[in-house]
Amino acid sequence: MSIEIKNISKQFGEFKALDNINLEVASGELLALLGPSGCGKTSLLRVIAGLETPDDGQILFHGEDATDTHVRERQVGFVFQHYALFRHMTVFENVAFGLRVRPKKTRPSEAEIKKRVHRLLELVQLDWLADRFPAQLSGGQRQRIALARALAVEPRVLLLDEPFGALDTKVRKELRRWLRRLHDEIHVTSVFVTHDQEEALEVADRVVVMNKGKIEQVGTPAEVYDTPASPFVYQFLGDINLFHSRVHDGWAEVAGARITQTDEPNAANATLYVRPHEIDLSRVAAGSSIAGVVSHIRLLGSTVRLEVEVAEHDAVEVELTRERYAEGDWKVGEAVWLNPREAKVYLAG
Amino acid sequence: MATIALTQRSIVTTEVPWVRYTLTTLALLLIGLFLVLPLFTVFYEALKKGWGLYLTALVEPDALSAIKLTLTAAAIAVPLNLVFGVAAAWAIAKFDFRGKSVLITLIDLPFAVSPVVAGLIYVLMFGAQGWWGPWLMDHDIKVIFAIPGIVLATVFVTFPFVARELIPLMEAQGSEEEQAAMTLGASGWQTFWRVTLPNIKWGLLYGVILANARAMGEFGAVSVVSGHIRGETNTLPLHVEILYNEYNFVGAFACASLLALLALVTLAAKSLVEWRTEQLAAAARRDAVE
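Protein chains in written order, with our numbering: chain E, 231 to 579; chain D, 17 to 306.
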């Protein structure tokens, strides 16, 4: 089931939550809506679900206009950040709910309901919890039950609102891999919302980066990470260093050093973006080096972060692997040269 | 809970013994003087001249009619408030709309207004000299000094109980479960009966118990609209006053003992509900594996 989003706008009072959004979700795809809080990603998901009405625009399911279809007829599975399990029902009854509320004509028999619920509980590997109440489950288990409940109605699309947002880091990582495997198994068109770039890049087929009610970029995880379409996407998908730069003869220069080539031959004002792990340190100046002094060193598990003070600039962060850090044997207070391996230039204005 | 906390309290956070004992004695003395003694007096005075007179005072026609009227008024007012309360709480807790804070204030109004004033408002509206008085008289409908007025006054004074109890509960629960039910294809009614109501049932029961106690015990507002017609528009609290003013102490205290009993039953029921809710909450906390 494909989803087509056409010119969707939504305003809450003075706040423009969605500003003329156009997007297509291919059938069977797992799509991530990624952005900071307040960027409109959850609003967009709720508009697709029918929990929110757009001020303008259309939602098409499989080419059919679903904009005015009530949420209960839209056949979407919705998974909430805080699970929203029915607290007074057992796990079994939670999953069976969508089948039990069907009109008599289409309601499956009790035996059929039982069979289907157990099959779903097996799918999420929690069949042994059928008689428990939601309060007796861990966060990760609750979210898997919520997913089973959403799948019980055989939804045409599955929508997940920050599904791992309320879980701790370890469970979160486990569960997102599990979700990816599950999706490969059942192939239902899915859209999930997240503010965690790592999660989006790891799980999704395609990532939609949103900011201030607009789509900044749509692409595969590799595309958005390697070729960010805007400074915002660059900043949002990982840490960055900003350099004030000017372009001269087709080269972006920082403090006189030629860092990278540009399409534009000359510009007085440009910004250079370099990721911390794309900078090498050396004790001798290479062709395109920026001088600095190491001011802080922080060990972060497998990597080491060095803060380098650069004259007339904000401090620059450099990330090295433990091995490279050991090889270099860098010390605080030491004068070093920064050599950006990769850099992206955005012209001002 | 409180006693456990007390015994476990360390020497650092507690007072010296004589302060503790003085304060405790003072508190117990006050409770005894202002709560236990009056309650005891009611039953003592009622039974002073023996069971026979006590029972006679209760089955006497005027008393019976007062009991019946009180029960009738409560039987109408409490279900009405149950429906209003649930509807108002549902609207306030689950939806955002213009004028929401005005509605919340309005619901609280009966708590803020003196019951006597509430009664007077109804007299002003439906009384013979009131706004709709002439029209009502032309159509031979009696509101003031009749049962409808008593019911109206009772509904007014008990209005906030159910809603007040439910609004914070429903607000805390949010509306995500209802939304989940909708995405699963449940209709509005199905959502209400299967999801919302089970989640609020204990709070609802608590509100109903309180509303019922107030409905049966209300004096001020009912007194203004009732007209004190013996055997017709006298509720139990009004009947107590009349008997007392006539120096019929046994009768007055016998009827008062009924109201006191009602209070005791209400308290017991309320404690039971509280205990049950606390148990459910504790079970949920204990079972949470997080």
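Where a beta carbon is used, it is the ideal one built from N, C-alpha and C, also for glycine.
DSSP on residue i, reduced to helix/strand/coil?
| i | result |
| --- | --- |
| residue 269 of chain D | helix |
| residue 481 of chain E | strand |
| residue 192 of chain E | What the structure shows of chain E is the stretch from 231 to 579, and residue 192 of chain E is not part of that stretch, so it cannot be assessed. |
| residue 249 of chain E | strand |
| residue 435 of chain E | coil |
| residue 576 of chain E | strand |
| residue 287 of chain D | helix |
| residue 250 of chain D | coil |
| residue 561 of chain E | coil |
| residue 280 of chain E | coil |
| residue 30 of chain D | coil |
| residue 255 of chain D | helix |
| residue 287 of chain E | strand |
| residue 308 of chain E | strand |
| residue 476 of chain E | strand |
| residue 571 of chain E | coil |
| residue 503 of chain E | strand |
| residue 204 of chain D | helix |
| residue 456 of chain E | helix |
| residue 491 of chain E | strand |
Considering Cα atoms alone, identify which of the options is closest to residue i.
| i | options | result |
| --- | --- | --- |
| residue 255 of chain D | D:74, D:297, D:205 and D:222 | D:74 |
| residue 181 of chain D | D:279, D:226 and D:295 | D:226 |
| residue 265 of chain D | D:62, D:277 and D:84 | D:62 |
| residue 483 of chain E | E:558, E:569 and E:433 | E:569 |
| residue 320 of chain D | D:179, D:263 and D:211 | The shown model of chain D, from 17 to 306, leaves out residue 320 of chain D, and the question about it has no answer. |
| residue 261 of chain E | E:435, E:358, E:271 and E:293 | E:435 |
| residue 447 of chain E | E:247, E:540, E:246 and E:265 | E:265 |
| residue 320 of chain E | E:332, E:299, E:349 and E:367 | E:367 |
| residue 580 of chain E | E:564, E:517, E:529 and E:530 | This structure does not reach residue 580 of chain E, given that chain E is present from 231 up to 579, and the question cannot be answered. |
| residue 444 of chain E | E:271, E:244, E:256 and E:255 | E:271 |
| residue 393 of chain E | E:400, E:497 and E:424 | E:424 |
| residue 428 of chain E | E:458, E:414 and E:467 | E:467 |
| residue 352 of chain E | E:375, E:534 and E:369 | E:375 |
| residue 288 of chain E | E:235, E:279 and E:245 | E:235 |
| residue 544 of chain E | E:471, E:389 and E:487 | E:471 |
Can you list, in chain order, the residues of its chain whose CB lies under 8 Å from that of residue i, leaving out five sequence neighbours each side?
| i | result |
| --- | --- |
| residue 372 of chain E | 313, 315 and 364 |
| residue 17 of chain D | Note that residue 17 of chain D scores a pLDDT of 43, beneath 50, so its modelled location is shaky; the value from the coordinates is reported in the next line. Cβ neighbours of residue 17 of chain D beyond the five flanking positions: none. |
| residue 96 of chain D | 171 |
| residue 512 of chain E | 519, 566, 567 and 569 |
Using beta carbons (cut-off 8 Å, strictly below), is residue i in contact with chain D?
| i | result |
| --- | --- |
| residue 291 of chain E | no |
| residue 570 of chain E | no |
| residue 279 of chain E | yes |
| residue 243 of chain E | no |
| residue 314 of chain E | yes |
| residue 327 of chain E | yes |
| residue 375 of chain E | no |
| residue 310 of chain E | yes |
| residue 386 of chain E | no |
| residue 301 of chain E | yes |
| residue 433 of chain E | no |
| residue 317 of chain E | yes |
| residue 332 of chain E | yes |
| residue 561 of chain E | no |
Comparing the C-beta of residue i with each C-beta of chain E, is any distance below 8 Å?
| i | result |
| --- | --- |
| residue 227 of chain D | no |
| residue 211 of chain D | yes |
| residue 294 of chain D | no |
| residue 192 of chain D | yes |
| residue 17 of chain D | The predicted position of residue 17 of chain D is uncertain, since its pLDDT is 43 and thus under 50; a value taken from the coordinates is nonetheless stated next. Chain E contact via Cβ: absent. |
| residue 145 of chain D | no |
| residue 201 of chain D | yes |
| residue 214 of chain D | yes |
| residue 186 of chain D | no |
| residue 109 of chain D | no |
| residue 198 of chain D | yes |
| residue 287 of chain D | no |
Apart from the five residues on each side of it in sequence, which residues of its chain come closer than 6 Å, Cβ to Cβ, to residue i?
| i | result |
| --- | --- |
| residue 310 of chain E | 391 |
| residue 490 of chain E | 482 and 573 |
| residue 160 of chain D | 139, 142, 143 and 241 |
Within the same chain, show all residues whose beta-carbon is closer than 7 Å to that of residue i, passing over the 5 residues directly before and after it, in chain order.
| i | result |
| --- | --- |
| residue 240 of chain D | 132, 135, 136 and 139 |
| residue 57 of chain D | none |
| residue 207 of chain D | 194, 197 and 198 |
| residue 268 of chain D | 256, 259 and 260 |
| residue 109 of chain D | 183, 186 and 187 |
| residue 522 of chain E | 538, 539, 540, 546, 566 and 568 |
### Query
Counting only runs that start and end within the stretch 122-153 of chain D, where is the alpha helix (DSSP H) found for 4 or more residues in a row?
131-142
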